[in-house]
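One structure is given here, and the rest of the page talks about it.
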Amino acid sequence: MKKKSPSPSWYRLGLGLPFALALLPTAVHAACNTGDVGGVAYLELPVAPGSTAANVYGQREANEPGLAGIKVKVVDAAGAEQAVTTDATGAWSATAPAFPVRVEFLWDQAWLKSTVSGAGSNTSVQFIDASNCNVTFGAHNPDDYSDTATPFYITNLQQNGSGVGNTAPSIQNVRYADTGLNAAFKDNKGTQGTGPIPSSSAAVQQVGSIWGKAFQKNTQRLFASTVLQRHIGFAPTGDAGSIYVMDYASGTPGTFLGSFSLQGKTPANGGAALDFGTVCRSAACAADAGNTGRELDYTLDASPANPNIDLDAFAKVGKMSVGDLDIDQSANTLWLTNLHQKSLVSVDVKDGFAALPGTVNQYLIGSLPGVPACTGGELRPWALSIHQGRGYLGAVCDALTSQNTADMTAHVLSFDLKTPADGFTSEISFPLNYAKDGGNWNPWSDTDKKVGTNWKKYIQPILSDIEFDEGNNMYVAFLDRYGLQGGFYNFAPKSGLTDLWGDANDREKTQSLGEILKVCNSAGGFKLEGTADCPAGNYGTEFFNDQAGDSAADGSSGAMALLKGSQQLLLSLVDPHPEGATGEPYWSTQGTNTLSTANGAINNWYSNMYSGNKEIGYNGKSHSMGDIELLTAAAPIEVGNRVGKIPTTTVFRMQTNRALTA
């Protein structure tokens, strides 16, 4: 069944974008005639679609859009000034000034920085001797920078059991263009994979169950956070608030530095200590009030091949531990969602590993202005993204209490990174009771309501990831909560089970069915796919081909990464496969599809593992992977242009001033 787009009446637009972007060639530029000075301001992007080489900074490429709203000051030697603003294409001109002139480009957006000076672009202050209509200025967002079109991306594998003594790889490093099944595995037909084997930066026993990831570019450190997934233990030395750190300063594979915990930390901005929740997974808590008293209902075996019940975890999935991570690169601040206290947490990570964590602040989401009200349930945060200096939070209303599908809604809220206590702006909200491919969303359930005879499912929404492209279009991914609640050839959440091969209802073969949606930037606001302002693509009412290799629609596992300018995004997927293929050999594999943001097609695919062997302990068609993060270089910093001795009668540096020598 093809999904029906949520009703347009639910759209809520945010504050809009800082300025417009326009790809060249577009409308006629602002007139620049003989005797005038003029040119264009544009946004530098790291790569171009289909290119195997990175764009050259300081030189405008065909896919680099003009910047509207940049202020340009033109001042002649006598101090006469003309002030203009770039138009919708980034073009500008000033009429017949007295040359030579000083041209200065100004803007208000702190995230936007001047690019390097090159053959096709100059600095934000330029000196022009005569009429010139090709005075070009490039700016960029350092967060988006990459010096390669094929960076590594980081993901991780989730494996059944406590993790104690498990030396299997967890955090893996995959090259962007890698394709095929990891050659360390055989596919569903028994054929050895032909894809590159990823290097590993940490083993299962070092990090345990993790999902969120964030990469700090200036230190080349990766942060990964604990997540509660049933049947999969935290690291033996970790807890629900643990953050793991890897160092990639020397390249891949990264070096595992260790971890720090935020559990129990007192926030510097006041309030209760951080609490990420607890789950019973030991004999010590088996007889606590409300528990069964049976140790094997709660404990996890060290062997990935051995099933477990993990009874306490089922209802707590999505309600404790950490959700998503992101980094404010300019402030060296790690942001994360605390699922238990339902809060935003910021952590100063500017110092070396031994000094982490630095200052910690917490902002309780429910107490902030602008938080949406949920009917028949609670707001469940998870996704977090930092884009152009602003934070974006993704959450759903879970309808847990009412069990009414009309009460399920998705929300993307933005907030000021410097003053999060000021609250949220609603960027877009939409209902989740639409006709979804692969089965509709269900209200959250803390009891097992699985349906199906072979593969079992009960699809529940978690808005897990948010990405933006260079045109400020938004992409939202959902993971299926049931994919975190269930496993593969594991016990159902029922006390006393001992025989995996008895009643089929006591045996789990979970199928996870998530979602990905495109949200178009339209006139400074956001419109969901399936409308006139954001039409569907070539896949019925859907923009993206997110069908799994087993033909199950909506195979998304809820994690994304996007390299600006590529017109592609990486999406974690159950059964990734090439466009147009039946995908049967790739059944019960897990990895990524590279999807086109231009037409929704599959451009590439890679499977990290074959997850259909119950003896290995991967999770079949339930969640076996975490978030995806690109491993990219920090943007270069260019210092220097001209130094001059300024006469006391002038207020600016002109080209006629005498240059100083060292």
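Residue 183 in numbering that gives the first Met the number 0 sits at position 184 of the sequence shown, with consecutive numbering throughout. We treat Cβ as the ideally placed atom computed from N, Cα and C, and that holds for glycine. Predicted model only: the values in this text are computed from it and were never measured.
Whole-angstrom distance between residue j and residue i, CA atom to CA atom
{"i": "Asp445", "j": "Leu273", "result": "24 Å"}
{"i": "Asp327", "j": "Asp143", "result": "12 Å"}
{"i": "Ala353", "j": "Asp347", "result": "13 Å"}
{"i": "Gly289", "j": "Thr497", "result": "21 Å"}
{"i": "Val74", "j": "Glu426", "result": "40 Å"}
{"i": "Ala662", "j": "Asp128", "result": "The first residue shown for the chain is 0 and the last is 661, placing residue 662 beyond what the model contains."}
{"i": "Ala21", "j": "Gln228", "result": "Only weak support is given to the placement of Ala21: the predicted model assigns it a pLDDT of 45, under 50, and the question is left unresolved by the model."}
{"i": "Phe233", "j": "Ala312", "result": "12 Å"}
{"i": "Lys112", "j": "Tyr585", "result": "44 Å"}
{"i": "Asp464", "j": "His410", "result": "12 Å"}
{"i": "Asp177", "j": "Glu628", "result": "15 Å"}
{"i": "Asn307", "j": "Leu367", "result": "40 Å"}
{"i": "Cys663", "j": "Glu466", "result": "This structure leaves residue 663 out entirely; the chain is present only between 0 and 661."}
{"i": "Trp440", "j": "Gln58", "result": "47 Å"}
{"i": "Thr277", "j": "Asp415", "result": "31 Å"}
{"i": "Lys70", "j": "Ala632", "result": "30 Å"}
{"i": "Val359", "j": "Ser621", "result": "34 Å"}
{"i": "Arg652", "j": "Ile153", "result": "Bear in mind that a pLDDT of 46 at Arg652, under 50, signals an unreliable position, so the model cannot answer this."}
{"i": "Ser511", "j": "Gly270", "result": "37 Å"}
{"i": "Gln157", "j": "Ile615", "result": "11 Å"}
{"i": "Tyr617", "j": "Asn337", "result": "26 Å"}
{"i": "Val395", "j": "Thr122", "result": "45 Å"}
{"i": "Glu80", "j": "Gly68", "result": "18 Å"}
{"i": "Leu299", "j": "His230", "result": "7 Å"}
{"i": "Val83", "j": "Ala634", "result": "29 Å"}
{"i": "Leu23", "j": "Ile364", "result": "At Leu23 the pLDDT is 38, less than 50, meaning the model places this residue with poor confidence; the figure from the coordinates comes in the next sentence. C-alpha separation (whole angstroms): 41 Å."}
{"i": "Cys132", "j": "Phe104", "result": "15 Å"}
{"i": "Ala283", "j": "Arg293", "result": "10 Å"}
{"i": "Trp668", "j": "Leu516", "result": "The requested residue 668 does not occur in the structure, where the chain is confined to residues 0 to 661."}
{"i": "Ala314", "j": "Ala434", "result": "26 Å"}
Test item: CB-CB of residue i and residue j under 7 Å
{"i": "Val39", "j": "Gly78", "result": "no"}
{"i": "Ser555", "j": "Glu583", "result": "no"}
{"i": "Ser199", "j": "Thr225", "result": "no"}
{"i": "Thr51", "j": "Ala202", "result": "no"}
{"i": "Ser571", "j": "Gly619", "result": "no"}
{"i": "Asn592", "j": "Pro577", "result": "no"}
{"i": "Trp443", "j": "Leu399", "result": "yes"}
{"i": "Lys428", "j": "Thr408", "result": "Looking at the sequence shown, residue 428 is not Lys but Ser. It is a contact, given that the beta carbons lie within the stated cut-off."}
{"i": "Gly160", "j": "Ser302", "result": "yes"}
{"i": "Gly437", "j": "Ala551", "result": "yes"}
Among the options, nearest to residue i - alpha-carbon criterion
{"i": "Val244", "options": "Gln215, Ala267, Phe233, Pro235", "result": "Gln215"}
{"i": "Leu594", "options": "Tyr391, Phe255, Glu541", "result": "Glu541"}
{"i": "Gln205", "options": "Phe259, Leu383, Phe477", "result": "Phe259"}
{"i": "Pro534", "options": "Val173, Asn472, Thr591", "result": "Asn472"}
{"i": "Phe98", "options": "Thr33, Gln58, Asn172, Pro45", "result": "Thr33"}
{"i": "Ser320", "options": "Trp210, Asn331, Asp397", "result": "Trp210"}
{"i": "Asn403", "options": "Leu333, Phe184, Gln459", "result": "Gln459"}
{"i": "Gly322", "options": "Arg379, Gly470, Leu412", "result": "Arg379"}
{"i": "Phe184", "options": "Gln589, Asp626, Ala634", "result": "Gln589"}
{"i": "Pro235", "options": "Ala283, Val573, Gly164", "result": "Gly164"}
{"i": "Ala580", "options": "Asn544, Leu44, Gly611, Gly557", "result": "Asn544"}
{"i": "Gly117", "options": "Lys517, Thr418, Glu60, Leu310", "result": "Glu60"}
{"i": "Gly388", "options": "Asn54, Val102, Pro45, Asp107", "result": "Asp107"}
{"i": "Asn456", "options": "Asp553, Gly365, Asp532", "result": "The identity of residue 456 in the sequence shown is Lys, whereas the question assumes Asn. Nearest C-alpha to Lys456: Asp553."}
{"i": "Arg220", "options": "Ala547, Leu569, Phe490, Leu355", "result": "Leu355"}
{"i": "Leu569", "options": "Ser169, Ala476, Ser413, Asp35", "result": "Ala476"}
{"i": "Asp146", "options": "Leu44, Thr530, Lys315", "result": "Leu44"}
{"i": "Ser401", "options": "Lys417, Phe423, Gly376, Ser413", "result": "Gly376"}
{"i": "Asp238", "options": "Phe275, Thr265, Ala547", "result": "Phe275"}
Bridge partner(s) assigned by DSSP for residue i
{"i": "Glu80", "result": "Val74"}
{"i": "Cys132", "result": "According to DSSP, Cys132 bridges with nothing at all."}
{"i": "Ser606", "result": "Leu180, Gly590"}
{"i": "Val55", "result": "In DSSP, Val55 forms no bridge with anything."}
{"i": "Gly37", "result": "Ser92"}
{"i": "Ile196", "result": "Partner(s): none; Ile196 has no beta bridge."}
{"i": "Ala167", "result": "According to DSSP, which records beta bridges pairwise, Ala167 is partnered with nothing at all."}
{"i": "Arg280", "result": "Paired residues: none, contrary to the question."}
{"i": "Thr520", "result": "Reading the sequence as shown, one finds Asn at residue 520 and not Thr. Phe525, per the DSSP bridge assignment."}
Within-7 Å CB hit, residue i to chain D
{"i": "Thr452", "result": "Given the protein chain composition of this structure (a single chain), no chain D is represented."}
Residue i CB to nearest heavy atom of the ligand NAD below 6 Å
{"i": "Gly523", "result": "The ligand NAD is absent from the structure shown, which contains no ligand whatsoever."}
* **Three-pair Cβ contact test at 8 Å for the stretch 601-610 versus the stretch 183-199** => Cβ pair count under 8 Å is three or more, so yes.
* To do: Please confirm if the stretch 289-306 is in contact with the stretch 375-388, defined as three or more CB-CB distances below 8 Å between the two stretches.
  => Counting Cβ pairs under 8 Å, fewer than three are found: no touch.
* Asked: Is it true that the stretch 556-574 meets the stretch 518-538, where meeting means three or more beta-carbon pairs spaced less than 8 Å apart?
  -> Flag = no, the stretch 556-574 and the stretch 518-538 do not touch.
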